[in-house]
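Enquirer:
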Amino acid sequence: MSRAIERLNEERKHIKKELPSGFFSKPLPKKTGTTVLPNELDLFRWICGVPGKKGTIWEGCTLRVYMFFPEDYPIAPPKVQFDPTLFHPNVYPSGSVCLSILSYEWKPSITIKEILLGLQVLLDEPNLQSPAQHEAFQLRREDLTAYNKRIRAIVEENPSSEFERRVKSIVMSGEFRTCPRPPPKNDDIAID
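Numbered by UniProt numbering, the letters in the sequence shown go through residues 1 to 192 in order.
(1) Tell me whether residue 52 is buried or exposed, calling it buried when 16 or more other Cβ atoms sit within 10 Å of its Cβ.
(2) How would you call residue 67, buried or exposed, if buried means at least 16 neighbouring beta carbons within 10 angstroms?
(3) How many angstroms separate the CA atom of residue 50 from the CA atom of residue 20?
(4) Taking DSSP's pairing of strands, which residues face residue 165 in a bridge?
(5) Tell me, to the nearest whole angstrom, how far the beta carbon of residue 27 is from that of residue 43; I am working on the premise that it is less than 8 Å.
(6) Just confirm the distance between the C-beta atoms of residue 7 and residue 104, as a whole number of angstroms; I'd bet it's less than 8 Å.
(7) Let me confirm a value: residue 119 is counted as buried when at least 16 other C-beta atoms fall within 10 Å, else exposed. Which label applies?
(8) Do you know offhand how far residue 93's Cα is from residue 136's?
(9) Rounded to whole angstroms, how far is the Cβ of residue 196 from the Cβ of residue 89, which I believe are closer than 8 Å?
(10) Expressed to the nearest angstrom, what Euclidean distance is found between the alpha-carbon atoms of residue 200 and residue 39?
(11) So, for residue 23: in the same chain, excluding its five sequence neighbours on each side, which residues have a beta-carbon less than 7 Å away from its beta-carbon?
(12) Between residue 37 and the rest of its own chain, which residues show a CB-CB distance below 8 Å, the 5 nearest in sequence each way excluded?
(13) Note the first and the last residue of the continuous beta strand (DSSP E) segment covering residue 71.
(14) Decide if residue 121 is buried, meaning its Cβ has at least 16 other Cβ atoms within 10 Å, or exposed.
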């Protein structure tokens, strides 16, 4: 068994006990073509839910996230993408997340739980020194009221109460991602 599979099996065992209320994380079923194999899990592809933190503008929503683990995990970090793509200064147009613990601060000891908690914090506390989405960055910097209005619309479209039903529907229909979207091109990120 590969080191990646051993580690992902360990994480799977612990995730249910350790994940705070409102979070969701589990491997996707394997899929061949359009056929979903519900009794076989693909440990390298997970579907997750990140709830908006209480007391913030994000409270009340749960956002869908995919994690794609490389063969050399945990030496290399997973690719993490919001789906649908999220309006946020640190989310690329592809849905990929610009988060330090998923790049230059990555350590093999970082867990799925820590990634999900990091995403929750990033939602309300974007890193404006490392923007990934020009429109969201610009609006957050220049018109916080308009930015917050856009966020409230996202919260209304993604109520926590509907999250598990939405995920179950996606998984059962086979309409989930099986690989990450291509990385963004550097010229997609023009910040004034």
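For each residue, glycine too, the CB sits at the ideal point set by N, CA and C.
Expert: For this structure:
(1) Along the sequence shown, read from residue 1 onward, the residue named residue 52 stands at position 52. Per the 10 Å Cβ criterion, buried.
(2) In the sequence shown, counting from the first residue as 1, residue 67 sits at position 67. The residue in question, residue 67, is buried, as its Cβ has 16 or more Cβ neighbours within 10 Å.
(3) For the purposes of this step, residue 50 is identified with residue 50 of the sequence shown, where counting begins at 1. For the purposes of this step, residue 20 is identified with residue 20 of the sequence shown, where counting begins at 1. Looking at the two C-alpha atoms, the distance is approximately 10 Å.
(4) Taking the sequence shown and counting its residues from 1, the one referred to as residue 165 is at position 165. BP columns for residue 165 are empty, so no partner.
(5) What you label residue 27 is simply residue 27 of the sequence shown in a count that begins at 1. What you label residue 43 is simply residue 43 of the sequence shown in a count that begins at 1. About 5 Å separates the two Cβ atoms, so the contact holds.
(6) For the purposes of this step, residue 7 is taken as the residue at position 7 of the sequence shown. For the purposes of this step, residue 104 is taken as the residue at position 104 of the sequence shown. Actually they do not touch by this definition, with Cβ atoms about 21 Å apart.
(7) As a first step, residue 119 is located in the sequence shown; it is residue number 119 there, counting from the start. Buried, by the Cβ-count rule.
(8) Counting from 1 along the sequence shown, the entry for residue 93 is found at position 93. Counting from 1 along the sequence shown, the entry for residue 136 is found at position 136. Approximately 10 Å between the Cα atoms of the pair.
(9) No statement about residue 196 is possible, as the shown extent of the chain runs from 1 to 192 and does not include it.
(10) Given a span of 1 to 192 for the chain in the structure shown, any question on residue 200 remains unanswerable.
(11) Indexing the sequence shown from 1 puts residue 23 at position 23. Cβ within range, chain order: 49, 50, 51 and 116.
(12) In the sequence shown, residue 37 corresponds to position 37, counting from 1. Closer than 8 Å at Cβ, skipping near neighbours: 29, 30 and 31.
(13) For the purposes of this step, residue 71 is taken as the residue at position 71 of the sequence shown. Note, residue 71: premise wrong, no beta strand (DSSP E); not H, not E.
(14) Here the question's residue 121 lines up with position 121 in the sequence shown. Residue 121 is exposed by the Cβ-count criterion.
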